[in-house]
Every structure is written in C-alpha cells, then in structure tokens.
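2 protein chains.
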Amino acid sequence: MKIGVLGAGQLGRMLALAGYPLANRFRFLDTTGHPSAGIGEVMIDTDQKHVQSFLEDVDLVTYEFEHLPVSLVQAIEAEKPVYPGSEAIRVCQNRAEEKALFDRLGIPTPAYRLVDSAESLEAAARELGTPVVAKSITEGYDGKGQAVLKDPAEAADAWKRINHPRLIVESFVDFVREVSIIAVRGRDGEVVFYPMAENVHVDGILRYSLAPMPDLDDSVQHTADEYIRALLDELDYVGVLTLELFQCADGSLLANEMAPRVHNSGHWTMDGAVTSQFENHLRAIQGLPLGDTSARAPTCMVNVIGREPEPSQVLAMRDAHLHRYDKSERAGRKLGHINLVADDHASLLKRVRECAALVPDAPEVRFSFED
Amino acid sequence: MKIGVLGAGQLGRMLALAGYPLANRFRFLDTTGHPSAGIGEVMIDTDQKHVQSFLEDVDLVTYEFEHLPVSLVQAIEAEKPVYPGSEAIRVCQNRAEEKALFDRLGIPTPAYRLVDSAESLEAAARELGTPVVAKSITEGYDGKGQAVLKDPAEAADAWKRINHPRLIVESFVDFVREVSIIAVRGRDGEVVFYPMAENVHVDGILRYSLAPMPDLDDSVQHTADEYIRALLDELDYVGVLTLELFQCADGSLLANEMAPRVHNSGHWTMDGAVTSQFENHLRAIQGLPLGDTSARAPTCMVNVIGREPEPSQVLAMRDAHLHRYDKSERAGRKLGHINLVADDHASLLKRVRECAALVPDAPEVRFSFED
Numbered sequence: 043m044k045i046g047v048l049g050a051g052q053l054g055r056m057l058a059l060a061g062y063p064l065a066n067r068f069r070f071l072d073t074t075g076h077p078s079a080g081i082g083e084v085m086i087d088t089d090q091k092h093v094q095s096f097l098e099d100v101d102l103v104t105y106e107f108e109h110l111p112v113s114l115v116q117a118i119e120a121e122k123p124v125y126p127g128s129e130a131i132r133v134c135q136n137r138a139e140e141k142a143l144f145d146r147l148g149i150p151t152p153a154y155r156l157v158d159s160a161e162s163l164e165a166a167a168r169e170l171g172t173p174v175v176a177k178s179i180t181e182g183y184d185g186k187g188q189a190v191l192k193d194p195a196e197a198a199d200a201w202k203r204i205n206h207p208r209l210i211v212e213s214f215v216d217f218v219r220e221v222s223i224i225a226v227r228g229r230d231g232e233v234v235f236y237p238m239a240e241n242v243h244v245d246g247i248l249r250y251s252l253a254p255m256p257d258l259d260d261s262v263q264h265t266a267d268e269y270i271r272a273l274l275d276e277l278d279y280v281g282v283l284t285l286e287l288f289q290c291a292d293g294s295l296l297a298n299e300m301a302p303r304v305h306n307s308g309h310w311t312m313d314g315a316v317t318s319q320f321e322n323h324l325r326a327i328q329g330l331p332l333g334d335t336s337a338r339a340p341t342c343m344v345n346v347i348g349r350e351p352e353p354s355q356v357l358a359m360r361d362a363h364l365h366r367y368d369k370s371e372r373a374g375r376k377l378g379h380i381n382l383v384a385d386d387h388a389s390l391l392k393r394v395r396e397c398a399a400l401v402p403d404a405p406e407v408r409f410s411f412e413d
Numbered sequence: 043m044k045i046g047v048l049g050a051g052q053l054g055r056m057l058a059l060a061g062y063p064l065a066n067r068f069r070f071l072d073t074t075g076h077p078s079a080g081i082g083e084v085m086i087d088t089d090q091k092h093v094q095s096f097l098e099d100v101d102l103v104t105y106e107f108e109h110l111p112v113s114l115v116q117a118i119e120a121e122k123p124v125y126p127g128s129e130a131i132r133v134c135q136n137r138a139e140e141k142a143l144f145d146r147l148g149i150p151t152p153a154y155r156l157v158d159s160a161e162s163l164e165a166a167a168r169e170l171g172t173p174v175v176a177k178s179i180t181e182g183y184d185g186k187g188q189a190v191l192k193d194p195a196e197a198a199d200a201w202k203r204i205n206h207p208r209l210i211v212e213s214f215v216d217f218v219r220e221v222s223i224i225a226v227r228g229r230d231g232e233v234v235f236y237p238m239a240e241n242v243h244v245d246g247i248l249r250y251s252l253a254p255m256p257d258l259d260d261s262v263q264h265t266a267d268e269y270i271r272a273l274l275d276e277l278d279y280v281g282v283l284t285l286e287l288f289q290c291a292d293g294s295l296l297a298n299e300m301a302p303r304v305h306n307s308g309h310w311t312m313d314g315a316v317t318s319q320f321e322n323h324l325r326a327i328q329g330l331p332l333g334d335t336s337a338r339a340p341t342c343m344v345n346v347i348g349r350e351p352e353p354s355q356v357l358a359m360r361d362a363h364l365h366r367y368d369k370s371e372r373a374g375r376k377l378g379h380i381n382l383v384a385d386d387h388a389s390l391l392k393r394v395r396e397c398a399a400l401v402p403d404a405p406e407v408r409f410s411f412e413d
C-alpha cells in the first residue's frame with residue numbers, strides 16, 4: 043500500500059516511521075518549499091503543477107498539514123480516496139465554521155462573537171467583557187494572527203494589526219488547565235479514544251504533554267470522548283482527530299479548537315501507549331482494525347524548540363526516548379521531542395524536571411495536578 | 043551522523059527505523075544484488091567497484107550481514123571507523139576460529155573435532171559417538187552446508203554432499219532448550235545485557251523467541267552475561283553481539299555460535315524492552331550512552347516465513363505488533379515478525395497460539411517451561 047501524504051514535515055516523517063512496519067510506502071507532497079520529512083519520496087510542488095505525478099501509483103492520500111487549499115484536496119478526492127476527507131479540512135481551516143459545528147453538536151466553547159470591522163470588534167469586546175482574544179478566522183497557527191484586548195478601546199489598533207476581514211472574538215476562560223483528547227475513527231465507524239493529556243503551552247507553542255493525568259475524573263474523560271465522537275461521526279471522519287479543550291475549576295470542558303490530523307499533544311503515545319497515534323492513523327485510513335489506545339505507564343512529552351539538547355545527556359536518562367526531526371536549529375522551530383516514561387507520576391515529574399534542565403530554553407515544568 | 047551499513051536486508055531496514063529518531067541517515071551497500079531494506083539510500087555493488095562512493099560522506103560503517111569478504115571490511119576500516127571491527131567478522135565467519143575463541147575464553151561448547159577428509163570425518167564421528175553434525179567451517183547459514191551422521195559409515199557420503207575442504211564435527215547435545223543472550227558494548231567498554239530468550243527453531247530457521255523466560259535461574263543469566271562479556275572484551279567489540287547457546291537439563295550452558303550483529307532472536311526487544319537492540323546498536327557505534335535493556339513485560343516474537351498472514355487478523359489481536367519487511371513471498375524467506383506482549387506468561391502463550399493459527403505454516407508452539 044503506497045500512501046500519499048500532503049505535507050512533508052515531522053508529522054509525515056513519524057507517520058512513515060510507523061508505516062514501514064505495516065509494509066506501507068510513502069510519497070510526500072510539500073507545498074511550502076521547505077520539506078523536512080527526510081524519508082520516503084518527497085516531491086516539492088509550490089505551484090500545484092505536480093499533483094498528477096504525486097497521485098500516480100498512490101493508493102490513498104492523507105495529510106499531516108491542514109493549511110492546504112480546500113480546492114486542491116477536493117480535486118485529489120475526485121481521483122483517489124482521501125482520509126480524512128476535505129470537509130474536515132474545510133471546517134478546521136475556518137474558526138467560524140469550527141465554532142458553528144461545536145455549537146450545532148452541543149459541544150460547549152468559550153463565549154464568542156464574529157466581527158468584520160473595528161467597530162464590531164469593539165462592540166464584541168464590550169459585550170463579552172475584556173480581556174478578550176481576537177483571532178483571524180483563517181490561517182491562525184501557533185499564536186499567529188491573534189491579539190489580546192485588555193480594553194474595548196484597543197479594538198481599532200488590534201483590527202489593524204491582525205489585518206484580516208473577519209475575526210472571531212473570544213472571552214478569556216478562567217481555566218485550570220489545557221487538555222486534549224485524541225481519537226481515531228476507522229472506515230467502518232469504529233472509534234477509539236486515547237487517555238486525555240494535560241498540555242502546557244508557552245507563547246502559543248506546546249512545550250509539555252502528560253498522559254494519563256493522575257487526577258482526571260473518569261466522567262470528564264467520558265465527556266471528552268462523547269464530544270469528539272460527535273465530531274467524528276458528523277464529519278464521517280476517518281483517521282486521527284485532535285480536540286483541544288480548556289478544563290475549568292468545576293471540571294467542565296470548553297472546546298478550543300480541533301486539528302484533523304496526528305497532533306503534537308499525542309506524541310507521548312509513541313512510547314507511552316500500546317499503539318501510537320501514528321500507527322492508528324495508518325490503520326484507520328487503510329481500513330485495518332484499530333489498535334489498543336491504553337497507556338502503558340505515565341508518560342510525558344517534552345518538546346525541543348529552537349535549539350537541541352546534547353543527545354548523549356538525554357539518552358543517559360532512564361526510559362527517555364529521543365525523537366529528533368533532523369532539522370536545523372531556528373528560533374521557535376519544532377526540532378524534536380523527548381518522551382519520558384515512569385512507573386508513577388511522582389518519579390515521572392522528577393525526571394521531566396531533570397530533562398527540562400537539559401533542553402535549551404525549556405520553560406518551568408508545572409502541571410495543574412501538582413497544586 | 044550518516045551511517046553506512048554493509049548489507050541491505052530487513053536488519054538494516056529495522057536499524058534505519060530505529061536510527062531516524064536519533065537524526066541518523068543511512069546508506070546501504072548491498073553485495074547480493076537483492077536488497078530489501080526499502081529505506082535510505084541503497085547502493086547495489088556486486089563486484090566491489092562502488093565502495094569508494096559508498097564511503098563518501100559516511101561518518102561510520104556498521105553491518106547487518108557478516109558473510110562479507112574480510113578483506114573488504116579491512117579496506118573500509120582503513121578509511122572509516124567500522125563497528126564492530128573486521129576481527130569480529132573474521133572470527134564469526136569461521137567456525138574453527140569461533141570455537142577456538144570459545145575454548146580460549148573458557149566458554150564451554152559441545153565436544154567437537156576439525157576434519158579435512160572423509161576419513162578424518164569418519165574417525166571423528168567414531169570418537170565423538172554418533173549421531174554427530176558436520177558443518178563446513180565457513181559460509182554456513184540457516185542450516186545450509188550441514189549434514190547429520192547417524193553412523194560413522196555415512197562419512198564418505200556426507201563429505202561429498204557438504205563439499206567443503208574443512209569441516210567441524212560436533213556431538214549432539216542433549217539440551218532442554220535453545221537460548222540466546224544479546225549484549226551491547228559501547229565505545230567506552232560499557233556492557234549491557236538483555237534478558238535471555240528461549241528460541242524455537244524448525245529446520246534451522248528461527249520461528250519463536252520468548253523473553254524473559256519465566257523459569258530462568260538468575261545464576262544462568264549471570265553465567266551467560268559473563269560468557270558474552272568475555273567475548274565482547276576480547277574482541278574489543280562495539281555494538282550488539284548475539285550468542286546462541288544450548289541449555290542442558292542441569293541448567294548449564296553450551297555455546298553454539300555467535301553473530302556479530304543485531305539478531306532475529308532479539309526482535310522481541312522492539313516492543314518488549316525499554317530500548318530495542320537496534321537503537322542500542324546505534325547508540326553503541328556512535329559513542330552514545332547505552333539504553334536500558336530491561337523487559338517491559340513478557341514478550342514473544344513470532345516469525346513470518348515464506349507466506350504472510352492477513353494483516354487485519356494479526357492487528358485485531360490485543361498488543362500485537364506487526365513488523366513486515368515489505369518483501370515478496372518465497373518459501374523459507376523471512377518476511378516479517380509479530381511481537382506479542384502480555385501481562386503474564388500464561389496469557390502470552392495463549393495469544394502466541396492464537397497468533398500461530400493466523401501465520402501460514404507456523405509450527406507448533408511449545409516452550410520448554412511448559413513441561
């Protein structure tokens with residue numbers, strides 16, 4: 043089975059590493075001019091002129107990057123099976139569509155307004171009560187195209203800075219922690235759920251993900267399962283879907299955003315779960331039975347951003363699993379991650395702190411359940 | 043770090059899959075004309091004319107296949123670091139050298155004789171007492187170039203059939219089981235040992251490996267550790283070394299043969315140990331700290347030989363990890379393996395039998411500790 047992957051970054055690389063043992067072969071289509079997969083056949087196509095040769099002898103198509111022209115994905119869909127389908131990309135690319143879907147399925151979100159002018163932005167900030175965060179409804183990625191308004195009077199300035207014809211304005215949520223749920227839906231509609239992860243972001247970039255959470259109530263996992271199942275079923279989705287949420291002090295969950303792909307907050311599954319998110323995505327899109335999503339042991343993913351630690355120091359740590367993406371260093375760039383596995387959460391946290399001391403610019407390690 | 047690998051079969055493929063996360067890149071030199079790695083840069087060189095271009099921009103060289111001309115490895119060694127060194131290949135290619143090394147290091151072996159004629163073969167069979175097994179001292183691989191003599195009178199016939207100027211003749215050992223020990227030695231001389239595996243061969247081909255063994259006395263593991271440590275130190279070895287042994291009814295061990303590489307009887311470590319044999323080999327040859335060799339849980343490797351099972355049936359099994367080599371089917375060919383992991387040995391054996399029922403031509407599952 044030869045799989046075509048739209049996008050050729052580290053997620054595609056890790057998909058391929060999980061897929062070779064299934065006898066899959068991979069061809070990547072990079073639309074950015076900067077592929078980093080470093081594995082399989084990589085085609086660079088910045089002007090959509092090589093789509094036909096990309097599709098030649100590919101059995102099915104998936105993607106590791108959703109910021110693709112929907113029209114491109116639809117055109118591919120007319121020729122080869124694409125999983126997940128273009129509808130998932132269309133919805134996930136547009137915050138207004140995404141929120142409307144959450145609303146329609148009864149998945150709670152922070153209060154929000156859609157605005158299309160500096161004036162309506164100001165009015166929304168006043169109605170919701172500042173602070174609010176304003177985001178362009180498209181192309182937002184890792185904190186880009188966003189502004190925080192501490193006062194409605196900042197609206198004109200924020201409008202100019204974001205420079206987009208349509209924004210979504212959201213209330214700040216008084217959350218206890220950021221969490222995510224990753225689920226996989228097979229071609230036959232079977233759905234399996236990974237244990238939720240607690241995620242620590244700094245400046246919009248994920249730094250740590252820990253799963254399973256030691257203090258998570260089963261009912262909260264169950265609620266998240268039902269939210270993401272509703273999304274999967276509604277979109278007739280095939281593959282891995284990620285839903286990022288805020289958890290509030292009363293335990294309730296508010297959906298933040300979703301990603302129609304394997305996700306950084308699921309990298310812990312490579313060493314901490316019976317079946318990784320990558321293998322399960324590949325099983326799903328090929329119509330194979332889904333694998334067990336259970337955690338083997340408490341696991342924490344430490345992201346490597348901008349600069350790399352000394353590999354020998356990381357590898358000297360007990361049960362530390364280094365995953366380098368073979369990219370050159372650059373501020374803010376995701377270069378790799380380290381999965382730490384331990385028998386219990388206390389020893390896990392100790393090891394995460396030791397690891398963070400080795401990783402350049404790693405932020406303070408602080409999980410909500412330590413409070 | 044770019045690693046040159048001599049040989050381009052499934053072992054090289056799995057080395058590469060373990061090495062990409064360490065940011066290693068791979069170039070393979072295939073000397074057989076039939077590479078199957080399916081990953082990295084593969085160079086076919088059946089007449090040793092492309093060794094220079096193979097070595098270009100490679101940082102160090104290792105091998106996944108020891109049936110290589112020693113002179114070739116020595117020539118490479120003059121230009122680039124080769125781990126393990128050519129001396130290991132030289133010894134492992136020659137059963138007489140190998141046995142002499144075992145003798146010198148006090149590692150017990152079955153009684154043996156070296157013979158160079160039909161007459162001396164007959165005399166050896168008489169001295170040792172039939173049945174005996176006669177093997178060419180070189181090029182033996184997976185049961186080829188061997189003959190069993192039930193009577194000294196069969197010597198002339200066996201001599202003709204094997205057709206080799208020098209043979210080793212060995213007593214049959216009344217063993218309880220076949221086992222192996224895999225160890226890794228770093229560039230700094232550090233040595234780590236995997237738990238021993240029980241191996242089931244049929245017609246000279248490995249079919250099952252199980253580790254850890256539930257009934258293995260610590261002292262036996264310790265004895266095997268010391269045998270292989272002596273070999274590693276004597277050869278100033280860097281990387282993974284495998285020693286196959288017979289275990290007798292009194293618990294004692296007799297060395298059968300060694301392989302200077304990652305080994306089929308260590309494939310269970312991919313899913314059953316904290317660090318796989320492949321990653322540890324790469325760590326060793328790059329001078330990185332060696333990883334934890336502990337088993338996570340009882341694990342059994344089921345080899346797929348000749349014909350493949352239906353992947354969807356294998357993947358429907360709990361905690362089953364399929365490793366396909368992406369090769370075409372052919373009688374006797376190693377096409378893949380399945381690692382099964384379980385909480386205890388009883389459930390493991392149950393699952394191994396379920397799995398064997400799915401694998402074409404899988405022999406009966408029978409481990410010594412079941413008796």
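These protein sequences, in sequence, are chains A and B. Numbered according to this note's numbering, the first sequence spans residues 43 to 413. Numbered according to this note's numbering, the second sequence spans residues 43 to 413. Note that CB positions come from ideal geometry on N, CA and C, so glycine has one too.
Separation of residue j from residue i, as counted between CA atoms
| i | j | result |
| --- | --- | --- |
| A:R249 | A:A404 | 8 Å |
| A:A266 | A:L295 | 8 Å |
| A:A176 | A:L191 | 7 Å |
| A:N322 | B:T335 | 26 Å |
| A:A200 | B:R325 | 51 Å |
| B:E169 | B:L274 | 33 Å |
| A:D361 | A:N241 | 21 Å |
| A:L110 | A:Q328 | 22 Å |
| A:N345 | A:G54 | 17 Å |
| B:Q94 | A:P77 | 29 Å |
| A:P237 | B:R146 | 55 Å |
| B:E406 | B:H243 | 11 Å |
| A:P63 | A:D216 | 44 Å |
Any C-beta of chain B under 9 Å from that of residue i
| i | result |
| --- | --- |
| A:Y62 | yes |
| A:A65 | yes |
| A:P152 | no |
| A:L364 | yes |
| A:L59 | yes |
| A:R375 | no |
| A:R338 | yes |
Same chain, Cβ closer than 7 Å to residue i, neighbours up to 5 away in sequence not counted
| i | result |
| --- | --- |
| B:D313 | T341, H363, N381 and V383 |
| B:A167 | V174, L191, P194, A197 and V211 |
| B:T311 | Y236, S318 and Q319 |
Min CB distance residue i to chain A below 9 Å
| i | result |
| --- | --- |
| B:D361 | yes |
| B:Y125 | no |
| B:R55 | yes |
| B:Y367 | yes |
| B:V84 | no |
| B:G51 | no |
| B:G281 | no |
| B:G378 | yes |
| B:R69 | no |
| B:V344 | no |
| B:V383 | yes |
Close Cβ partners of residue i (< 6 Å) along its chain, the five nearest in sequence each way excluded
| i | result |
| --- | --- |
| A:E83 | R69 |
Chain A residues whose Cβ lies nearer than 8 Å to that of residue i
| i | result |
| --- | --- |
| B:R372 | Per Cβ cutoff of 8 Å: no residues; B:R372 is ~15 Å from chain A at best. |
| B:G333 | L357 |
| B:I81 | Y62 and I81 |
Per-residue contacts from residue i into chain B (C-beta, under 8 Å)
| i | result |
| --- | --- |
| A:R325 | L357 |
| A:V401 | Per Cβ cutoff of 8 Å: no residues; A:V401 is ~15 Å from chain B at best. |
Sequence-distant residues of the same chain with beta carbon closer than 8 Å to residue i, five excluded per side
| i | result |
| --- | --- |
| B:A65 | M43 |
| B:A339 | G314, V383, A384 and D385 |
| A:E352 | L400 |
Chain-ordered neighbours of residue i on chain A, where CB pairs are closer than 7 Å
| i | result |
| --- | --- |
| B:S354 | L330 and P331 |
Next on the checklist: For the region 229-258 of chain B, list every residue whose C-beta sits within 7 Å of some C-beta in chain A, in sequence order.
Outcome noted: Taking 7 Å as the Cβ-Cβ cut-off against chain A, none of the residues of the region 229-258 of chain B qualify.
(Q) Counting only Cβ-Cβ distances shorter than 8 Å, please list the residues of the region 291-318 of chain B near chain A, keeping chain order. (A) V316
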